[in-house]
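Colleague: Read the sequence shown against my numbering and you will find it ends at 798, with the numbers running on by one and no gaps. This is the structure, below, for whatever I ask next.
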Amino acid sequence: MAREDSETDNRRRRDSQTRHKHHKKKRSREHGSARPTSGSEGTSQGTAQRLSMNALAQLNEYNTRGIKQEPSREKERKPKRDRSRKPEYKAVDAEYDPPRRSRRASQSEGERNAPRKERRRKEGYRDGDGGYESRGYESRGYESNDREERRRRRRQRVVETEDEEDIPNEKGKKHRKKDRRVVSGAIVEEGRAIPAIRGGATSKHSSYDSYDSIAKEKASTGFEFKQYWGNRKKKRWIIAGVALVVLIIIIVVAVVVSKKNSSNNSDADKSNLSGVSEDSIPVAARGTYLDPFTWYDTTDLNVTYTNETVGDLPIMGLFTDWDDSKAANDKVPAIEKGWGDYSKTPARGVNLGGWLSLEPFITPSLFNYDSKLGIIDEWTLCNHLGAKTAASTLEKHYATFVTEQTFQEIQAAGLDHVRIPYSYWAVQTYDDDPYVFRTSWRYLLRGIEWARKYGLRVNLDLHGLPGSQNGWNHSGRQGLVNWLNGTNGDLNSQRSLDVHDRLTKFFAQDRYKNIITFYGLANEPRMVSLSADAVISWTTQAYNLVRKNGMTANIVFGDGFMGLANWQGKLTGMDGLVLDVHQYLIFNNDQIIYTHQKKVQYACDGWTQQTEQSMNTATGFGPTMFAEWSQADTDCTQYLTNVGWGNRWTGTYDSGNASTQALTPLCPTKDSSCTCDGANADPSQYSAAYKQFLKMFAEAQMVSFEKGWGWWYWTWDTESAPQWSYKKGLAAGILPATAYDKDFNCDSDVPDFSGLSETY
Numbered sequence: 039m040a041r042e043d044s045e046t047d048n049r050r051r052r053d054s055q056t057r058h059k060h061h062k063k064k065r066s067r068e069h070g071s072a073r074p075t076s077g078s079e080g081t082s083q084g085t086a087q088r089l090s091m092n093a094l095a096q097l098n099e100y101n102t103r104g105i106k107q108e109p110s111r112e113k114e115r116k117p118k119r120d121r122s123r124k125p126e127y128k129a130v131d132a133e134y135d136p137p138r139r140s141r142r143a144s145q146s147e148g149e150r151n152a153p154r155k156e157r158r159r160k161e162g163y164r165d166g167d168g169g170y171e172s173r174g175y176e177s178r179g180y181e182s183n184d185r186e187e188r189r190r191r192r193r194q195r196v197v198e199t200e201d202e203e204d205i206p207n208e209k210g211k212k213h214r215k216k217d218r219r220v221v222s223g224a225i226v227e228e229g230r231a232i233p234a235i236r237g238g239a240t241s242k243h244s245s246y247d248s249y250d251s252i253a254k255e256k257a258s259t260g261f262e263f264k265q266y267w268g269n270r271k272k273k274r275w276i277i278a279g280v281a282l283v284v285l286i287i288i289i290v291v292a293v294v295v296s297k298k299n300s301s302n303n304s305d306a307d308k309s310n311l312s313g314v315s316e317d318s319i320p321v322a323a324r325g326t327y328l329d330p331f332t333w334y335d336t337t338d339l340n341v342t343y344t345n346e347t348v349g350d351l352p353i354m355g356l357f358t359d360w361d362d363s364k365a366a367n368d369k370v371p372a373i374e375k376g377w378g379d380y381s382k383t384p385a386r387g388v389n390l391g392g393w394l395s396l397e398p399f400i401t402p403s404l405f406n407y408d409s410k411l412g413i414i415d416e417w418t419l420c421n422h423l424g425a426k427t428a429a430s431t432l433e434k435h436y437a438t439f440v441t442e443q444t445f446q447e448i449q450a451a452g453l454d455h456v457r458i459p460y461s462y463w464a465v466q467t468y469d470d471d472p473y474v475f476r477t478s479w480r481y482l483l484r485g486i487e488w489a490r491k492y493g494l495r496v497n498l499d500l501h502g503l504p505g506s507q508n509g510w511n512h513s514g515r516q517g518l519v520n521w522l523n524g525t526n527g528d529l530n531s532q533r534s535l536d537v538h539d540r541l542t543k544f545f546a547q548d549r550y551k552n553i554i555t556f557y558g559l560a561n562e563p564r565m566v567s568l569s570a571d572a573v574i575s576w577t578t579q580a581y582n583l584v585r586k587n588g589m590t591a592n593i594v595f596g597d598g599f600m601g602l603a604n605w606q607g608k609l610t611g612m613d614g615l616v617l618d619v620h621q622y623l624i625f626n627n628d629q630i631i632y633t634h635q636k637k638v639q640y641a642c643d644g645w646t647q648q649t650e651q652s653m654n655t656a657t658g659f660g661p662t663m664f665a666e667w668s669q670a671d672t673d674c675t676q677y678l679t680n681v682g683w684g685n686r687w688t689g690t691y692d693s694g695n696a697s698t699q700a701l702t703p704l705c706p707t708k709d710s711s712c713t714c715d716g717a718n719a720d721p722s723q724y725s726a727a728y729k730q731f732l733k734m735f736a737e738a739q740m741v742s743f744e745k746g747w748g749w750w751y752w753t754w755d756t757e758s759a760p761q762w763s764y765k766k767g768l769a770a771g772i773l774p775a776t777a778y779d780k781d782f783n784c785d786s787d788v789p790d791f792s793g794l795s796e797t798y
């Protein structure tokens with residue numbers, strides 16, 4: 039801005055000197071000053087350039103006029119609560135000359151002692167770059183275009199704060215030209231400024247703030263004075279920095295998860311997809327169970343897309359050709375030649391339990407959650423995981439828990455049959471079912487093809503039916519038995535028939551006529567809770583349906599724990615219908631207390647007698663098979679009796695049913711010495727006597743069950759239960775190296791196993 043000429047400046051100085059004396063007295067009277075204002079308090083002192091008395095008098099006269107006009111100004115202003123708040127301070131250049139000028143350049147002690155309300159429109163503040171700005175309004179029309187005069191006024195205000203050392207020099211002022219500062223105006227007056235710079239609001243001084251006074255306030259309050267624009271800019275940088283850090287974390291996590299998924303998929307072979315274009319998959323089928331690009335593992339699966347079905351079930355993954363020329367071993371015929379009479383050549387097989395129908399004791403890792411979550415079966419597990427996670431979790435389990443190597447090892451063990459439990463959701467889901475739909479179907483079909491490759495015949499077992507046929511966890515849902523029972527009993531009865539209708543239309547194809555030799559209707563129907571007549575009636579309907587659809591395999595129904603003798607004369611005249619019995623000592627409170635010697639003796643004598651009785655139609659049903667048994671002599675295995683129910687051996691089996699629970703120890707000694715330590719130990723820690731017992735107990739059962747149509751050990755493998763794993767039993771030496779070559783045949787006395795503890 040242009041400076042005014044020197045003559046104008048001299049005139050103003052003379053006029054100011056005259057008015058200044060009168061103004062000081064008047065201001066003292068108006069504000070009740072306790073003492074007269076000295077000249078030193080109204081002017082600059084020391085080495086700083088002095089503001090002329092004439093100019094100071096003019097400024098004081100202007101401020102006096104401004105104060106007199108204040109009441110009218112207040113009437114024109116709206117109440118503070120009605121005034122809109124400005125969103126932010128306006129940043130201007132340090133050299134910008136704002137239209138609103140200071141109403142005065144000095145302040146007396148009396149003015150400093152004036153009431154705050156009257157004072158607030160006169161006080162200013164000093165911003166972060168050393169400049170000062172008045173807090174008056176634009177209507178206070180006094181302005182000056184003289185840059186030098188404005189410099190003097192700034193120095194004068196510094197003098198009034200009694201801090202002459204903070205007066206900026208020319209070099210410092212030149213540096214400040216590069217900075218920016220905040221124009222306060224009404225914003226500060228309305229209380230929207232930073233507290234540390236709100237005039238006298240947070241300062242013990244009523245004068246204009248200097249750097250020194252602000253520093254003192256900062257030290258006393260802990261508040262660090264910063265420019266608003268600097269704060270805002272810093273906040274933006276902080277926010278940007280935080281966002282960048284979050285982005286980096288997300289990227290790192292994504293990479294780790296990707297690598298983890300890649301690692302998890304390392305066992306999954308998808309090489310046969312390399313020659314297939316994703317464009318060959320119809321848009322409507324992409325991402326569905328028919329899309330091979332969504333399959334966890336495509337090993338030995340036909341990845342050419344097809345939506346063809348048989349019996350309304352997809353043939354996905356199947357190749358056109360098959361080969362039934364293989365035999366499991368030289369003791370049995372090849373698949374294509376037929377098995378013959380099972381009463382003369384009994385089956386020796388194993389279950390693939392816990393694979394397509396989950397069972398907590400087989401894969402406890404899938405159920406290791408806080409007990410408060412109540413995850414006790416496949417239903418609650420899928421509900422907890424949610425559809426997407428359940429689908430990925432279970433498919434990985436399907437693809438890794440049983441592989442082609444499984445069937446190869448089963449064949450090498452001298453076994454000739456596999457029983458494959460699966461559940462109805464491989465075919466259909468209903469209502470609010472949380473189960474993973476249809477995925478297990480593809481693995482079931484591939485499992486049958488792998489069994490074919492190694493000459494192993496298949497026993498298909500529908501392990502879980504709509505509504506649950508027994509209320510146990512391996513049916514899918516633990517709790518009530520709503521199959522043929524309860525409000526939806528009839529509905530679930532028909533749904534089960536519908537499932538079998540679709541299944542048998544599919545498995546009646548020529549490719550399955552030789553390899554599927556047993557077809558199960560319902561695993562372990564709990565006939566102590568169900569009507570025997572209802573079960574028999576449904577079994578009759580299911581048998582007729584299956585045969586009508588062209589199924590030639592033997593049809594299997596469960597004994598329902600009703601006792602073998604009670605099936606004599608029932609379900610007669612049905613060719614190829616076989617009674618399935620599951621023999622365990624450890625789930626019976628009266629038998630688990632047997633000593634080791636008595637357990638082996640009962641397996642040789644008791645079960646042989648029952649088998650022969652059941653096989654004779656004069657005393658029992660007729661054809662009888664034993665599709666589940668194990669060599670475990672306790673029920674100590676984790677989750678074996680349901681998640682959280684304890685065990686009979688140590689007296690912690692709390693089933694909630696007085697007729698079945700065991701709240702006192704039921705090991706042979708029936709006292710507090712009963713422990714699960716020995717039974718749950720690693721096989722490498724078994725004593726020689728314990729290994730002898732376990733192998734003899736297993737072979738005694740094999741001998742007895744071979745008096746019927748054969749046996750299937752439960753189960754091939756487990757995560758941590760060696761007495762329930764044929765694979766682990768072979769490795770531990772507690773099972774015969776080949777199933778058809780046993781060391782013990784119940785033709786000799788059973789030792790007393792002296793030295794072997796009955797309590798573990």
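Yeah, the Cβ is synthetic: ideal placement off N, Cα and C, and Gly gets one too. Being a predicted model, the structure only gives us computed values, none of them experimental.
Grab me the residues of Val348's own chain with a C-beta within less than 8 Å of its C-beta, minus the 5 sequence neighbours each way, in chain order.
Modeller: Lys543, Phe544, Gln547
Colleague: Please list the terminal residues of the continuous alpha helix (DSSP H) segment that includes Trp479.
Modeller: 477-491
Colleague: Quick check: the segment 460-480 against the segment 771-785, are there 3 or more CB pairs under 8 Å?
Modeller: no
Colleague: By Cβ distance, which residues of its chain are closer than 6 Å to Tyr677, with the 5 residues on each side in sequence left out?
Modeller: Pro398, Phe399, Pro402
Colleague: Does the pairing of the segment 473-490 with the segment 521-540 give three or more beta-carbon distances under 8 Å?
Modeller: no
Colleague: Quick check: what's the CA-CA separation for Lys608 versus Met740?
Modeller: Note on geometry: alpha-carbon atoms of Lys608 and Met740 lie some 27 Å from one another.
Colleague: With 16 as the cutoff for other CB atoms within 10 Å, does Thr657 come out buried or exposed?
Modeller: exposed
Colleague: Which of the three DSSP states, helix, strand or coil, is assigned to Glu666?
Modeller: strand
Colleague: If distances are taken between C-alpha atoms only, which option among Asp307, Asp350, Glu346 comes closest to Thr332?
Modeller: Checking every option, the nearest Cα to that of Thr332 belongs to Asp307.
Colleague: Would you mind sorting Ile448 into buried or exposed? The rule is 16 or more other CB atoms within 10 Å of its CB.
Modeller: buried
Colleague: Can you say whether Asp779 is buried or exposed, counting buried as having 16 or more other CB atoms within 10 angstroms of its CB?
Modeller: exposed
Colleague: Give every residue of the same chain whose Cβ lies closer than 6 Å to the Cβ of Asp755, excluding the five residues on either side of it in the sequence, and list them in chain order.
Modeller: Ser763, Lys765
Colleague: Would you mind sorting Glu346 into buried or exposed? The rule is 16 or more other CB atoms within 10 Å of its CB.
Modeller: exposed
Colleague: Taking the beta carbon of Arg41 as the centre, do at least 16 other beta carbons fall within 10 Å, making it buried, or is it exposed?
Modeller: Here the model assigns Arg41 a pLDDT of 42, short of 50, so the residue's position is not dependable, and the following value carries that caveat. Exposed is the call here.
Colleague: Can you tell me which of Pro472, Cys712, Ser792 puts its alpha carbon nearest to the alpha carbon of Lys728?
Modeller: First, the residue type needs correcting, since residue 728 is Tyr and not Lys in the sequence shown. Looking at the Cα atoms, Ser792 is the closest of the given residues.
Colleague: Nearest CA to the CA of Asp597: which residue from Val584, Met612, Ser652, Phe625?
Modeller: Ser652
Colleague: Checking the sheet assignment: what are the DSSP bridge partners for Ser461?
Modeller: For Ser461, DSSP records a beta bridge to Gly502.
Colleague: Rounded to whole angstroms, what is the Cα-Cα separation between Cys642 and Ala560?
Modeller: 28 Å
Colleague: DSSP three-state label for Pro352, please.
Modeller: strand
Colleague: By Cβ distance below 8 Å, which residues in the same chain neighbour Val813 in space, the five residues on each side in sequence not counted?
Modeller: No statement about residue 813 is possible, as the shown extent of the chain runs from 39 to 798 and does not include it.
Colleague: Could you check what DSSP says for Trp645 in three-state terms: helix, strand or coil?
Modeller: helix
Colleague: For the putative contact between Cys674 and Asn718, defined by C-beta atoms under 8 Å, what is the C-beta separation to the nearest angstrom?
Modeller: 5 Å
Colleague: Between Tyr492, Tyr343, Asp359, which lies nearest to Pro352 when the distance is taken from Cα to Cα?
Modeller: For the residues Tyr492, Tyr343, Asp359, the minimum Cα distance to Pro352 belongs to Tyr343.
Colleague: Would you mind sorting Val17 into buried or exposed? The rule is 16 or more other CB atoms within 10 Å of its CB.
Modeller: The structure shown does not extend to residue 17, since the chain is modelled only from 39 to 798, so the question has no answer here.
Colleague: Less than 9 Å between CB atoms is the rule here; does Leu394 satisfy it with respect to chain B?
Modeller: Among the chains of the structure shown, chain B does not appear; only one protein chain is present.
Colleague: Please report the straight-line C-alpha distance between Asn367 and Glu744, rounded to a whole angstrom.
Modeller: 18 Å
Colleague: Our contact map puts Leu394 next to Ser478 with C-beta atoms below 8 Å; I'd like the distance itself, whole angstroms only.
Modeller: 4 Å
Colleague: Out of Lys708, Thr707, Cys705, Arg686, state which residue places its alpha-carbon closest to the alpha-carbon of Thr698.
Modeller: Arg686
Colleague: Mapping the DSSP letters down to three states, classify Ile553 as helix, strand or coil.
Modeller: coil
Colleague: Please classify Ile276: does DSSP put it in a helix, a strand, or coil?
Modeller: helix
Colleague: Would you please state the rounded distance, in angstroms, between the beta carbons of Gly452 and Arg386? I believe it to be under 8 Å.
Modeller: 7 Å
Colleague: Between the C-alpha atoms of Trp605 and Gln621, what's the straight-line distance to the nearest angstrom?
Modeller: 16 Å
Colleague: Beta strand (DSSP E) containing Arg386: first to last residue?
Modeller: 385-389
Colleague: Which whole-angstrom value is the C-beta distance of Trp749 and Phe659, which I expect to be below 8 Å?
Modeller: Not quite, the Cβ-Cβ distance comes to about 17 Å (not below 8 Å), so this is no contact.
Colleague: Grab the span of the alpha helix (DSSP H) containing Asp539 for me, first residue to last.
Modeller: 527-545
Colleague: Who are the Cβ neighbours of Gly429 in its own chain at under 8 Å, not counting the five residues just before and after it?
Modeller: In the sequence as presented, Gly is not what sits at residue 429; that position holds Ala. Val474, Thr477, listed in sequence order.
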